[in-house]
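S.K.:
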Amino acid sequence: MNKKSLSIDPRVSLFYVLLASLFLIFPFQLSVQYCFFGVVACALLLIGKYRQVLCYLLIFVVFVLPIAIRHPILALIRDFLAIGFARMLPLFMTMSLAMDRQSTGKWQAAMAKMKMPNFLFIPLVVCIRFIPTFIQEGKQIAQSLKYRGLAQNWRQILFHPWQFFEYFVIPLLSSSEQVIMDLSSSSLIRCIQNTNPKTSIYPIRLKMLDYLLFLIGLGMIGGQLWLHSLI
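In my numbering, the protein residues as written are 0 to 230.
1. Would you please state the rounded distance, in angstroms, between the beta carbons of F36 and P89? I believe it to be under 8 angstroms.
2. Report the rounded CA-to-CA distance for S236 versus Y166, giving the unit in angstroms.
3. Express the C-alpha separation of P170 and W265 in angstroms, rounding to a whole number.
4. Would you kindly check if the distance between the Cβ of R86 and the Cβ of F22 is under 8 angstroms?
5. What does the alpha-carbon distance come out to for the pair L53 and I7?
6. Among M207, C34, L56, L5, which residue has its Cα nearest to the Cα of Q223?
7. Straight-line CA distance for G216 to P131?
8. Please tell me whether L172 and M92 are closer than 8 angstroms, where the distance is taken between their beta carbons.
9. Assign Q28 to one of three DSSP states: helix, strand, or coil.
10. From G218, L214, F84, D209, pick the residue whose C-alpha is nearest to that of I46; which is it?
11. Return the residue from the list M94, D78, S30 that minimises the CA-CA distance to Q51.
12. Would a C-beta distance cut-off of 8 angstroms place V178 and F129 closer than the cut-off?
13. Using the three-state DSSP reduction, which class does G221 fall into: helix, strand or coil?
14. Using a Cβ-Cβ cutoff of less than 6 angstroms, which residues in the same chain neighbour L212 once the five nearest sequence positions on both sides are dropped?
15. Just how far apart, CA to CA, sit L56 and C41?
16. Can you give me the C-alpha to C-alpha distance between A19 and I82, rounded to a whole angstrom?
17. Please state if the CB of K112 and the CB of I200 are separated by a distance shorter than 8 angstroms.
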């Protein structure tokens with residue numbers, strides 16, 4: 000299979016991001032959460048994000064699964080971190096799924112096909128364009144720090160947090176301000192607020208994988224409602 004056949008429709012990715020937000024807000028059953036983790040992990044594997052799946056799997060094993068720790072202080076720290084990771088991990092995974100090689104034009108075409116109103120459409124397009132640029136700016140700053148010998152490994156970051164804040168966080172915030180200005184100028188040039196119908200070069204259509212993921216997501220919502228009715 001080629002990469003195009005394994006790409007996921009932006010509408011399905013947006014549906015899973017919203018579903019992960021429900022996991023963050025409402026207490027879902029553990030069986031439903033584990034099922035959601037497995038489905039999103041399989042989707043990430045299908046689109047070729049093996050390294051990210053491995054990282055998420057390690058986080059899931061260490062912080063989410065109820066592994067017995069004998070030391071009381073370590074067990075307390077693990078339980079404290081597990082609460083946050085158990086709620087935030089599905090959202091991080093679905094964001095990785097949504098950011099898979101999806102250009103701004105493809106997202107724009109997908110949301111236009113959904114007849115999304117402008118007060119939701121414009122902020123989402125700007126955010127989708129901002130996040131990859133923000134990550135790329137962070138990678139470039141980190142690379143420049145390595146060249147200068149300021150943060151060559153994680154040990155230097157952990158033992159010198161204030162220097163890392165000065166050399167990395169502040170330049171990242173400054174570059175983010177410039178990125179926001181560039182995105183605002185780009186949206187004005189492209190007439191993103193124009194209400195006239197627009198054409199797109201991106202073919203937006205649901206494939207078999209998209210229908211399957213959508214049905215599985217609806218099944219998890221139905222399973223949660225059914226399990227909640229039994230309590």
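Here a beta-carbon is modelled for each residue, glycine too, at the ideal position from N, C-alpha and C.
M.R.: According to the structure data:
1. 7 angstroms
2. Any property of residue 236 remains undetermined from this structure, which presents the chain solely from 0 to 230.
3. Here the chain comprises residues numbered 0 to 230, so residue 265 is not present and cannot be evaluated.
4. yes
5. 20 angstroms
6. C34
7. 26 angstroms
8. no
9. coil
10. In this structure, D209 is the residue among G218, L214, F84, D209 with its C-alpha nearest to the C-alpha of I46.
11. M94
12. yes
13. Secondary structure of G221 (DSSP, three-state): helix.
14. If we look at L212 and ignore the five residues flanking it on each side, its Cβ neighbours are V11.
15. 11 angstroms
16. 15 angstroms
17. No, Cβ-Cβ distance for I200 and K112 is not below 8 angstroms.
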